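Student:
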Amino acid sequence: WYQRRVRAKFHPRDLLSAHEICRALCGAKTLSVEDWERHSVFYEQGNEFSASPAVESHRDLFWQCVMSLSDEDKLNLLQFVTGLCALPPAGFNHLPGGAFTVELGHPDDRRLPTAGTCANTLRLPRYSNPRILKEKLLKAIRFGKEGFAFV
Numbered sequence: 002w003y004q005r006r007v008r009a010k011f012h013p014r015d016l017l018s019a020h021e022i023c024r025a026l027c028g029a030k031t032l033s034v035e036d037w038e039r040h041s042v043f044y045e046q047g048n049e050f051s052a053s054p055a056v057e058s059h060r061d062l063f064w065q066c067v068m069s070l071s072d073e074d075k076l077n078l079l080q081f082v083t084g085l086c087a088l089p090p091a092g093f094n095h096l097p098g099g100a101f102t103v104e105l106g107h108p109d110d111r112r113l114p115t116a117g118t119c120a121n122t123l124r125l126p127r128y129s130n131p132r133i134l135k136e137k138l139l140k141a142i143r144f145g146k147e148g149f150a151f152v
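Note that the sequence shown covers residues 2 to 152 in this note's numbering.
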């Protein structure tokens, strides 16, 4: 009797929309770069507390580059760095393994970015210009998102 009465009053589709159920089960496939940046850490290799103008400049270049990526490439970047193919339902501030982190390395236009998925860390060489940054980042995330399958 009780179950029939509750079902009559509350149908599951009345509680959540199909989109909300899908997002809760599968995660988000569209990423907000502003939210991503807000819940991320960006620092210079060997100095987690640096806030030099050069580091700030490279941080701005990185996020401008991310904003210019297609939705598919944003998801590729997320997968390359975290191992996740979609954003968890709780969002960027609840990534398993901690905050999305960018570690800015030494100047080197020849190296590709690397990632530590256990700690959600992107190791990004200090590229000399935005064009090289985007070129190297795209190459790494498109061909390296599957981890060791790339080797």
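Glycine residues also receive a C-beta, built at the ideal position from the N, C-alpha and C atoms.
Quick caveat, the model's predicted, so the values are computed rather than measured.
Could you check if serine 41 is buried or exposed, using at least 16 other CB atoms within 10 Å of its CB as the buried criterion?
Tutor: By the neighbour-count rule (16 or more Cβ atoms within 10 Å), serine 41 is buried.
Student: So, helix, strand or coil for leucine 113, using DSSP?
Tutor: Note: leucine 113 maps to coil in three-state DSSP.
Student: Give the DSSP-derived three-state secondary structure of proline 89 in the structure shown.
Tutor: It is coil, neither helix nor strand.
Student: Looking at the strands, I want to know which residues DSSP matches up with glutamate 104.
Tutor: According to DSSP, which records beta bridges pairwise, glutamate 104 is partnered with Tyr44, Arg124.
Student: Which residue marks the beginning of the alpha helix (DSSP H) containing serine 69, and which one marks its end?
Tutor: Taken as a continuous stretch (DSSP letters only), the alpha helix (DSSP H) holding serine 69 covers 54-69.
Student: Taking 8 angstroms as the threshold (C-beta atoms), are proline 114 and leucine 123 in contact?
Tutor: Yes. Within cutoff.
Student: Would DSSP call asparagine 77 helix, strand or coil?
Tutor: Helix at asparagine 77.
Student: Which class does proline 1 belong to by DSSP, given the choice of helix, strand or coil?
Tutor: Coverage of the chain is limited to positions 2 through 152, which leaves residue 1 absent and any answer about it impossible.
Student: Quick check on the burial criterion: 16 or more other C-beta atoms within 10 angstroms. Buried or exposed for arginine 60?
Tutor: Classification for arginine 60: buried.
Student: Which residues in the same chain have their Cβ closer than 7 angstroms to the Cβ of arginine 112, if we skip the five residues on either side of it in sequence?
Tutor: Pro126.
Student: Should phenylalanine 81 and isoleucine 142 be called a contact, given that it needs their Cβ atoms to be closer than 8 angstroms?
Tutor: Result yes, Cβ atoms of phenylalanine 81 and isoleucine 142 sit closer than 8 angstroms.
Student: Rounded to the nearest angstrom, what separates glycine 145 and proline 54 at their Cα positions?
Tutor: Going by the C-alpha atoms only, they are around 31 angstroms apart.
Student: With a threshold of 7 angstroms, establish whether the CB of leucine 123 neighbours any heavy atom of the ligand NAP.
Tutor: For the structure depicted, the ligand NAP is absent and the ligand set is empty, with no information on it obtainable.
Student: Closer than 6 angstroms by C-beta to phenylalanine 101: which residues in its own chain qualify, once you throw out the five before and the five after it? Chain order, please.
Tutor: The residues are Ser41, Asn121.
Student: Considering only the beta carbon of each residue, do cysteine 66 and leucine 76 sit closer than 8 angstroms?
Tutor: Against a cut-off of 8 angstroms, the Cβ pair of leucine 76 and cysteine 66 comes out as no contact.
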